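**Q** Right, I'll just put the structure down here and ask away after.
Chains as they are written, first to last, in the numbering used here: chain A, 1 to 453; chain B, 1001 to 1108.
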């Protein structure tokens, strides 16, 4: 039973899904497309055109791999449906027909996560969707909400597979649910087999970021990880007891070892004893890793606890505007020049009476990522160049727009040895912010529909 | 026994990510035998001091002895986080490497 990870985010390597279904035997291909911000972008597209609102790249990918997966009986789970899973399924069905695969493909569509049209009703019934970070009720930003989705778990994915779907297209199903669903279906794990549910969740977490567990973005021994140009994306080779191996296809690059898998396990981790999903609670302190052979790590011992009675809800809302301007200053005194330019710029913004929620300055090449920790260790006078990077944020567009006109003048009327402005004036950007909340599980009913191509 | 100061980059590897305005850092011992050193010396308080001026909230620490790893949550580390943040590292992707500059004491 092999589940292959094919996409770690919308924008991941276009070659990966094809390589995963052709490079060796797999039973399932799992593809994760949805980040928190993605849903609001898709909602905006759907409001302009009711036929849109899904990850269009997925359809292109399916066109390339459909003949192979139909021939080999490989099943696909993907949350590419975004805020319009049905339209996404229709587009895939059209592609299947174009390829002459009529009546050979059943597509499962999972919906029920979209709460945008239900928000007023939920709030009226006392579900205040309080922000988990700020403890404020959603009412505060209700008139600026752009999208609202509950995170569904593996259950509707399992249902779609049981009813015969070969391709399961979902909206906001958790990344881990796309892997756990196939495992529950294949092994017949009941929804309260908490240890197996936790194991399948850990498997999903390991492969949900694509090659980030198989040598990509791996700090450990990074410059000796072989052939990243040909990196092998991960495959979960699972057993009914919940233990599984992380492997990749032969003749691919990258590396799967305890270090690469551990780095992915701790990625975006909160309390390791309680990794909460709609399906259950996994305890990451019970995970045992064992290098079985080259590029094969065994994961066992995972223990789980019962699911909570809440679902996480992700709300996107309009927040305000921001812009970032950059200029590059060269040696000698590169950092001092950039600092002087920043002082002058701030003086001018102040004189103009512009009000910002935040002004943030970084000196890229000196302190942008490590702050003052870096400057202690560097001979500042030797730095060949520094990029001055100034960002501003405000609720209104006007001050942000005025800021974008204050960068270029510094080229002629500020400190010397300045370059790197070919990109022109920075553009004010709309900020869509993210509002995490919890909702009583009983308020959300996932729905599964089958479409024949 | 003589002791010397070593940077974490020589003893551990790390990866970080984000949850809203919180950055997480998973710090992993390169050799299992060095894990107790990390547990003893890389405390939440020490990490909070290391990042003084760079983070606005508290630091939490969790132990994963099974993975020879510590997980730190650095609250208020990302200027609002996600899309709000004006930082280059708005999602805390390389916060982990800044922790690897920390020095701890090891047996010579």
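Here a beta-carbon is modelled for each residue, glycine too, at the ideal position from N, C-alpha and C. Predicted, not measured: the structure shown is a model, and the values here were computed from it.
Quick check: the region 384–394 of chain A against the region 357–370 of chain A, are there 3 or more CB pairs under 8 Å?
**A** Judged by Cβ distances under 8 Å, the region 384–394 of chain A makes contact with the region 357–370 of chain A, as three or more pairs qualify.
**Q** Determine whether the Cβ of residue 432 of chain A lies closer than 8 Å to any Cβ atom of chain B.
**A** Yes, residue 432 of chain A counts as interfacial toward chain B.
**Q** May I ask you to list, following chain order, the residues of the region 355–366 of chain A that have a beta carbon less than 7 Å from some beta carbon of chain B?
**A** Cβ contacts with chain B: 358, 360, 362 and 364.
**Q** Taking a Cβ distance cut-off of 9 Å, strictly less, list which residues of the region 269–284 of chain A are near chain B, in chain order.
**A** Within the region 269–284 of chain A, the residues whose Cβ lies closer than 9 Å to some Cβ of chain B are 269, 270, 271, 272, 273 and 284, listed in chain order.
**Q** If you run the structure through DSSP and keep just helix, strand and coil, what is residue 207 of chain A?
**A** DSSP places residue 207 of chain A in helix when its eight states are reduced to three.
**Q** So which residues on chain B does residue 133 of chain A lean against when the C-beta distance must stay under 7 Å?
**A** Within 7 Å Cβ-Cβ: 1020 and 1021.
**Q** CA-CA distance, residue 328 of chain A and residue 409 of chain A?
**A** Approximately 14 Å, taken between the alpha carbons.
**Q** List the endpoints of the continuous alpha helix (DSSP H) containing residue 1051 of chain B.
**A** Note, residue 1051 of chain B: premise wrong, no alpha helix (DSSP H); not H, not E.
**Q** Return the CA-CA distance between residue 1103 of chain B and residue 1005 of chain B, expressed in angstroms with no decimal places.
**A** Taking the straight line from one Cα to the other gives about 6 Å.
**Q** Which residue comes first and which comes last in the alpha helix (DSSP H) that contains residue 180 of chain A?
**A** Where residue 180 of chain A is concerned, the enclosing alpha helix (DSSP H) stretches over 177–187.
**Q** Does DSSP put residue 7 of chain A in a helix, a strand or coil?
**A** Here residue 7 of chain A sits in strand by DSSP.
**Q** Grab me the residues of residue 441 of chain A's own chain with a C-beta within less than 7 Å of its C-beta, minus the 5 sequence neighbours each way, in chain order.
**A** Closer than 7 Å at the Cβ level, and outside the excluded window around residue 441 of chain A, lie 309, 310 and 311.
**Q** Along the chain, where does the beta strand (DSSP E) containing residue 1005 of chain B start, and where does it finish?
**A** First-last of the beta strand (DSSP E) with residue 1005 of chain B: 1003–1007.
**Q** If you measure between the beta carbons of residue 266 of chain A and residue 1023 of chain B, is that distance less than 8 Å?
**A** No. Outside cutoff.
**Q** Would you tell me roughly how many angstroms separate the C-alpha atoms of residue 375 of chain A and residue 1016 of chain B, rounded to the nearest one?
**A** Roughly 22 Å between the two C-alpha positions.
**Q** Provide the residue span of the alpha helix (DSSP H) that contains residue 48 of chain A, from first to last.
**A** 36–48 is the extent of the alpha helix (DSSP H) around residue 48 of chain A.
**Q** Would you identify the three-state DSSP class for residue 1102 of chain B, choosing helix, strand or coil?
**A** In the structure shown, residue 1102 of chain B sits in coil (DSSP, three-state: anything other than H, G, I, E or B).
**Q** In terms of DSSP beta bridges, what is residue 246 of chain A paired with?
**A** For residue 246 of chain A, which the question treats as bridged, DSSP gives the partners A:236 and A:297.
**Q** For the candidate residues A:278, A:351 and A:399, whose alpha-carbon lies nearest to that of residue 358 of chain A?
**A** For residue 358 of chain A, the nearest C-alpha among the options comes from A:399.
**Q** Would a C-beta distance cut-off of 8 Å place residue 117 of chain A and residue 82 of chain A closer than the cut-off?
**A** No, these two residues do not count as a Cβ contact at 8 Å.
**Q** Among the residues of its own chain, which have a CB less than 6 Å from the CB of residue 238 of chain A, if the five just before and after it don't count?
**A** Result list for residue 238 of chain A: 1, 183 and 244, in chain order.
**Q** State yes or no: is the C-beta of residue 55 of chain A within less than 8 Å of the C-beta of residue 28 of chain A?
**A** No.
**Q** Determine which residues of the region 223–234 of chain A have a Cβ less than 9 Å from any Cβ of chain B, and write them out in chain order.
**A** Answer in chain order: no residues at all.
**Q** How far does the beta strand (DSSP E) with residue 360 of chain A in it reach, from first residue to last?
**A** Here the beta strand (DSSP E) through residue 360 of chain A covers 358–364.
**Q** Residue 262 of chain A: buried (16+ other C-beta within 10 angstroms of its C-beta) or exposed?
**A** Classification for residue 262 of chain A: buried.
**Q** If we cut at 8 Å on Cβ distances, does residue 1034 of chain B have a partner in chain A?
**A** With 8 Å as the cut-off, residue 1034 of chain B does not count as an interface residue toward chain A.
**Q** So which residues on chain B does residue 265 of chain A lean against when the C-beta distance must stay under 7 Å?
**A** By Cβ distance, chain B contributes 1067.
**Q** Quick one: which residues of the region 289–310 of chain A get their C-beta closer than 9 Å to a C-beta of chain B? List them in chain order.
**A** Answer set for the region 289–310 of chain A: 289 and 301.
**Q** With the cut-off set at 8 Å, would you say residue 446 of chain A and residue 155 of chain A are in Cβ contact?
**A** Closer than 8 Å, so yes.
**Q** Kindly indicate which residue of A:152, A:64 and A:416 has the alpha-carbon position closest to the one of residue 278 of chain A.
**A** Among A:152, A:64 and A:416, the Cα nearest to that of residue 278 of chain A is on A:152.
**Q** Could I get the ranges of all uninterrupted alpha helix (DSSP H) runs contained in the region 84–157 of chain A, with 4 residues as the minimum, in chain order?
**A** DSSP runs (the alpha helix (DSSP H)) wholly in the region 84–157 of chain A: 85–98 and 119–124.
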